[in-house]
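Protein chains in written order, with numbering that gives the first Met the number 0: chain A, 0 to 416; chain B, 0 to 491.
For every residue, glycine included, the Cβ atom is placed at its ideal position computed from N, Cα and C.
These notes concern the structure reproduced below.
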Amino acid sequence: MNAPHPRVAVAAHPNAPRIPPASNGTRVRSPGHNRPIAGVVTDTLNRLAILLQERLEQLASAARDGAVIAAYTCIHAPVELLEACGAVPVRLPFAADSDAQTQGATLLRPDACPLCCALVGARRRHDPVASLATCLVSPTTCDAMRRAPQVWPAEFGVPLFQFMSPRTWHGKASRAAYLQELIWLRDELEALTCVRATSERLAASMARWERARASLRRIHSLRARLDLPVTGADLARLAAYAFVLDPDAFSAEVEALVAVLCQAAPTAVPAGRTVRLMLMGSPCLASDAWLLDTLEADGRARIVADALCTCARWFHISPKAAGSPLDSLADAYMHQPACAFSRPNDRLYRFIENQIAAAKPHGLVLRTLRFCDAWALEAERMRRSFRLPMLYLDVDYSQSVRGQLATRTEAFLEVLA
Amino acid sequence: MSGLPLSWAEEAGYVDPPPAQVGYAERNRLFSGVPTSLIQQCRYYHDVDAEWSTYLFPPATYATYGSRYLKRLRYDNSLAALRLWGFVMSEGERLFRARQIGRKLIACMGDLGGTTPIVQAAGNAVAFYPDCFWWTPFFMESKVLFEAAGALGMGEECCFSRATLGAFHKRAYFPTPDLCVAATGASCDDFASVAQLAESLTGQAVHWLEIPFRREPQPWFRRAAFRRTAHGDAQYPIHILPFLCEEYARVLQRLEEICGHPISPHDLCSSIVGANRLRLTVRAIRDLAYGADPCPLPALEAMHVEFATLHGYSDPDECRRVLDNVLATVQRRASNGEGVLDRDAVRVAWVGPPADMRLLNMLEELGGRVAGTEYMINQSLSLISEEMEPIEALADCFLNASLIGSCSYRARRVVEEARRYGAEGIIITGVVGASHCVAEGRTIAQVAKEELGIPTLCIDVPFPSDVPPGQIATRIEAFLEVLRARRDAHRA
């Protein structure tokens, strides 16, 4: 079970995004082309990997010419606003491994959450995406993610723009404060880029990002169909690209994929029961797709829903096009599917319940990063609340845990099957 | 006998022995000499005039009720310190009595002193901190609360704060609060998680209070407007003051519903005046305890004094009397040139509440003394403006908090404290799994080195056990040796 899933080979490498192997003839020629669809997702991922490399080269060049590359740490930072201000948003960390974690831990504490360590470690060891950042935009989310970004200006000389992202969501005061913080952030970024985030620019940016998220929502609705070859791991990989690529380029690829999937003849459903799973917990980065591959290996399971900020919770953010763009943006981000750290976090539970009702998973997988208290401390409550079999995995970025996780995963799936 | 006896004790014919730290047995023996009339004077909830409200008992009384840890500590031998300990240790009982006499119990979690003046303004409400139950596994030398928390999903990935969830679940350590005002936002994630689980798994009524993040001026900011706190050195974005005011106003409104009567601005002003009086007393004690030579009050008692600013140990009126008594004692000792530690004790600034109180004893036994602290409650040591509108004054004061801003702000506070009391080194205590700790140690060490040229020792407080690990003692001892060597070199 330790052998990587074939798709791992075509995923962007965490440290050095590279061109995937040449196409073997299964490339999609046009949407709706009448051909077997088994390879279309792989083809799309291949193209996105190419686009990623091109994008990184473009951004590196642009940064040298003075462009502002605004890395952000959490989906509570509205990418639309960063873009409307003339900055290029990229989400960090793009990927992580044990080395990034270790390097970050030397500047934090060993018991800091691996994601925070990777955020620091990625810059320290000059990861391609992290190295692009000319400033860091960080909403104050969990405790660790409130403090870890502060290492960036101190150690790397990168300006940090931290703003309050309220944990509570029910009061007018919280919403007003969040809006004030966005206005401050806008003003600071405008001063940095010398670009005014007019309502028109913001509305245009919101439309671009909404298109990208909508395309992912379509894939999300298709992954629950077992007769289509789009898995939870595929969706997670696609979403990971969205955090770095230009949204229009990304959307075009994913929309083409959606078209193919919608028009193609269904494939045979694998014999035997395919276990339907829902995945939730700490962020799953591009480099964490191996876990999803492990869960879905050999078609024995399908991740039909998730509550990840790197996947479904992100693409379910959908600002209204009507009214003041900034107000609309603030509303959408304030009321996005909640993270476990929101208080009270009932909205998260409702989001999960809705996902469960729609996708009807047989079991839940809660995957937390070690010392990610916000999620880890919900484990028992989730077990009690959702009344579905739940596999709880508490991991870091070390490779050594993979064998054990594979064994636990297999056992869990055997029980469910 | 040492100098002037305290007036209240003097009237009853009691005189303190020469200042010293004593063990459990000696502390109990000294208690036997305390006149009954003095014991009868020491009562909480004075306004009730009840037979049951005495609290001046020796550590043995509280050890009998389960705080076995008290047998291992060393105590200041003054009557004032005995009274302080009795007052602190009787808080659990006091909360049950408060419920018995019809007062509303308001648990404040994670805001560390911000909302308690609002609760105390109600008159018929008692504020307390379930957060403080993180000491309990140490005091009771028991894992019961940790195990109870573990059954609700809070395991070792979480810091000692999880004991609080166990206490909520057990319903035996404090009465079920009428309301829990739980801080979230730029506060402590672990305590927010405790409150979340207490709400969802034990049915506790929770009112969420958003603590705003305090962004501080940076050289690269172009458009930010900041304001400085009325008393203190913190700067904050101007728009977060009205936000916090609204949050406090929501708390006020909820309290009025629970307490059944309005809380007027006059009530709030009176509460603020009382809080300021307490804070001034604590500041005066700190100045002597951390600054005077020889040290007139051990670190453990000084820590109890500092934490009194949070909520007056559930009876701020009596707390003021207790602390007046402590202040008189340390003033008398300082004026007489007396102390409880050697004059050449190595001066160390202590950062972070130690969780295991024996660490403070250990420092002193190894030849050190505490000279300045940063227990993350600095906002409760700042004075509250009596000129501003009361809610605004409370919010403005709270925005001094070290926990809600940047690591570098907290580092500056530590350095300022070390400078003020002439610390020769800094000890930072962390707790594995404590979410606020991730980046501060390194920053504090850097700033201390740059600005004061003094070294820093970071230690993690170990899990409660009968004996503190020898490794901690060895590290503190080695650190003190380094500091002594530096002192000798400096003198040479």
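State whether the stretch 157–170 of chain A contacts the stretch 452–467 of chain B, with contact taken as three or more CB pairs (one from each stretch) at a distance under 8 Å.
Cβ pair count under 8 Å is below three, so no.
Consult DSSP for Phe86 of chain B and reduce its assignment to one of helix, strand or coil.
In the second sequence, the residue the question calls residue 86 of chain B occupies position 87. Looking at Phe86 of chain B - three-state DSSP - the assignment turns out to be helix.
Using alpha carbons as the reference points, say which of B:Phe56, B:Trp51, B:Ala19 lies closest to Pro34 of chain B.
As a first step, residue 34 of chain B is located in the second sequence; it is residue number 35 there, counting from the start. The shortest C-alpha separation from Pro34 of chain B is found at B:Phe56.
Does the Cβ-Cβ distance between Ala129 of chain A and Leu118 of chain A come in under 9 Å?
The count along the first sequence starts at 1 and reaches residue 129 of chain A at position 130. The count along the first sequence starts at 1 and reaches residue 118 of chain A at position 119. A contact, by the Cβ cut-off of 9 Å.
Tell me the DSSP secondary structure of Ala306 of chain A in three-state form.
Locating residue 306 of chain A in the first sequence gives position 307, counting from the first residue. Strand, per DSSP.
Indicate the three-state DSSP secondary structure (helix, strand or coil) for Leu159 of chain A in the structure shown.
Against the first sequence, residue 159 of chain A aligns to sequence position 160. Three-state result, Leu159 of chain A: strand.
DSSP state of Ser137 of chain A, grouped into three classes?
For the purposes of this step, residue 137 of chain A is taken as residue 138 along the first sequence, with counting starting at 1. Here Ser137 of chain A sits in strand by DSSP.
If we define contact as Cβ-Cβ less than 9 Å, is Gly469 of chain B a contact residue for chain A?
As a position in the second sequence, residue 469 of chain B is number 470, starting the count at 1. Chain A contact via Cβ: absent.
Going by beta carbon distance, what residues of the same chain come within less than 7 Å of Pro88 of chain A, once the five residues before and after it are set aside?
The residue given as residue 88 of chain A occupies position 89 in the first sequence. Result list for Pro88 of chain A: Ala69, Tyr71, Val78, Leu81, Glu82, in chain order.
Using a cut-off of 9 Å between C-beta atoms, extract the partners of Thr421 of chain A located in chain B.
Residue 421 of chain A is absent from the structure shown; chain A starts at 0 and stops at 416.
Let me check understanding here. Comparing Cα to Cα, which of A:Asp287, A:Val150, A:Ser323, A:Gln354 lies closest to Ser97 of chain A?
Walking along the first sequence from the start, residue 97 of chain A turns up at place 98. Of the candidates A:Asp287, A:Val150, A:Ser323, A:Gln354, the one whose C-alpha sits nearest the C-alpha of Ser97 of chain A is A:Asp287.
Is any beta-carbon of chain A found at less than 9 Å from that of Val14 of chain B?
Counting from one through the second sequence, the residue named residue 14 of chain B turns up at place 15. No - not a single Cβ of chain A is within 9 Å of the one on Val14 of chain B.
Hey, Ala62 of chain A and Ala94 of chain A: beta-carbon distance below 9 Å or not?
In the first sequence, the residue the question calls residue 62 of chain A occupies position 63. In the first sequence, the residue the question calls residue 94 of chain A occupies position 95. Against a cut-off of 9 Å, the Cβ pair of Ala94 of chain A and Ala62 of chain A comes out as no contact.
Based on the DSSP output, what are the partners of Gly170 of chain A in its beta bridges?
As a working mapping, residue 170 of chain A is identified with position 171 in the first sequence. DSSP output for Gly170 of chain A lists no bridge partner at all.
Looking at the strands, I want to know which residues DSSP matches up with His206 of chain B.
Here residue 206 of chain B refers to the residue found at position 207 of the second sequence. In DSSP, His206 of chain B forms a bridge with B:Val180.
So, does the CB of Met495 of chain B fall closer than 9 Å to a CB anywhere in chain A?
Given a span of 0 to 491 for chain B in the structure shown, any question on residue 495 of chain B remains unanswerable.
Helix, strand or coil: which one does DSSP assign to Val431 of chain B?
Here the question's residue 431 of chain B lines up with position 432 in the second sequence. The answer is coil: DSSP assigns Val431 of chain B none of H, G, I, E or B.
Where does Val125 of chain B land, buried or exposed, given buried means 16+ other C-beta within 10 angstroms?
Translated into positions along the second sequence, residue 125 of chain B becomes position 126. Val125 of chain B should be labelled buried.
On a CA-only basis, which of A:Lys359, A:Thr197, A:Phe242, A:Arg146 is nearest Glu209 of chain A? Give me that one, please.
Along the first sequence, one-based indexing puts residue 209 of chain A at 210. The shortest Cα separation from Glu209 of chain A among A:Lys359, A:Thr197, A:Phe242, A:Arg146 belongs to A:Phe242.
Please report whether the beta-carbon of Gly322 of chain A lies at a distance below 9 Å from any beta-carbon of chain B.
Sequence index remark: in the first sequence, residue 322 of chain A carries index 323 (1-based). Output row for Gly322 of chain A: interface = no.
Is the shortest distance between the beta-carbon of Gly113 of chain B and the beta-carbons of chain A less than 9 Å?
If you number the second sequence from 1, residue 113 of chain B lands on position 114. False, the Cβ-Cβ gap to chain A never drops below 9 Å.
Please report how far the alpha carbon of Pro417 of chain A lies from the alpha carbon of Glu255 of chain B, in whole angstroms.
Missing from the structure shown is residue 417 of chain A; chain A here goes from 0 to 416 and no further.
Mind checking which residues open and close the alpha helix (DSSP H) that includes Asp343 of chain B?
The count along the second sequence starts at 1 and reaches residue 343 of chain B at position 344. Run containing Asp343 of chain B: none; DSSP gives neither H nor E here.
Which residues bound the beta strand (DSSP E) around Phe225 of chain B?
Against the second sequence, residue 225 of chain B aligns to sequence position 226. Element bounds for Phe225 of chain B: 225–227.
Determine the chain B residues that contact Val150 of chain A at a beta-carbon separation under 7 Å, and present them in chain order.
Position 151 of the first sequence, counting from 1, holds the residue named residue 150 of chain A. What Val150 of chain A touches in chain B: Ala438.
Please check the pair Val446 of chain B and Ser401 of chain B, which I expect to be a contact at CB under 8 Å, by giving their CB distance rounded to whole angstroms.
Looking up residue 446 of chain B in the second sequence gives position 447. Looking up residue 401 of chain B in the second sequence gives position 402. About 13 Å; that fails the 8 Å criterion.
Take the Cβ of Asn76 of chain B as the centre, count every other Cβ of all protein chains shown within 10 Å, and call the residue buried at 16 or more, exposed below.
Within the second sequence, residue 76 of chain B is the residue found at index 77, counting from 1. Classification for Asn76 of chain B: buried.
With a threshold of 16 other CB atoms inside 10 Å of the CB of Pro428 of chain B, please say whether the residue is buried or exposed.
By 1-based counting over the second sequence, the position of residue 428 of chain B is 429. Note that residue 428 of chain B is Thr in the sequence shown, not Pro. By the neighbour-count rule (16 or more Cβ atoms within 10 Å), Thr428 of chain B is buried.
Taking a contact to mean a Cβ-Cβ separation below 9 Å, would you say Gly362 of chain A touches Arg301 of chain A in this structure?
For the purposes of this step, residue 362 of chain A is identified with residue 363 of the first sequence, where counting begins at 1. For the purposes of this step, residue 301 of chain A is identified with residue 302 of the first sequence, where counting begins at 1. Not closer than 9 Å, so no.
So which residues on chain A does Ala223 of chain B lean against when the C-beta distance must stay under 8 Å?
The residue you call residue 223 of chain B lines up with position 224 of the second sequence. Those are Trp183, Glu187, listed as they occur along chain A.
Exposed or buried, what is Lys103 of chain B when buried is set at 16 or more other beta-carbons lying within 10 Å of its beta-carbon?
One-based indexing of the second sequence puts residue 103 of chain B at position 104. The residue is buried, with at least 16 neighbouring Cβ atoms inside 10 Å.
So, under 8 Å CB-CB, Ala182 of chain B and Met108 of chain B are touching, yes? Tell me the CB distance rounded to an integer number of Å.
Taking the second sequence and counting its residues from 1, one reaches residue 182 of chain B at position 183. Taking the second sequence and counting its residues from 1, one reaches residue 108 of chain B at position 109. With 8 Å as the limit, Ala182 of chain B and Met108 of chain B qualify as a contact, their Cβ atoms being about 6 Å apart.
Of all the CB atoms in chain B, is at least one closer than 9 Å to the CB of Leu106 of chain A?
One-based indexing of the first sequence puts residue 106 of chain A at position 107. Answer yes: the Cβ-Cβ gap between Leu106 of chain A and chain B drops below 9 Å somewhere.
So, for Glu295 of chain A: in the same chain, excluding its five sequence neighbours on each side, which residues have a beta-carbon less than 7 Å away from its beta-carbon?
Residue numbering aside, residue 295 of chain A sits at position 296 when the first sequence is read from its first letter. Cβ within range, chain order: Thr230, Gly231, Ala232, Arg301, Ile302.
Report buried or exposed for Ile237 of chain B, applying the criterion of at least 16 other Cβ atoms within 10 angstroms of its Cβ.
Translated into the one-based positions of the second sequence, residue 237 of chain B becomes position 238. Burial call: exposed.
Of all the CB atoms in chain B, is at least one closer than 9 Å to the CB of Gln335 of chain A?
As a working note, residue 335 of chain A is residue 336 in the first sequence. So, not an interface residue.
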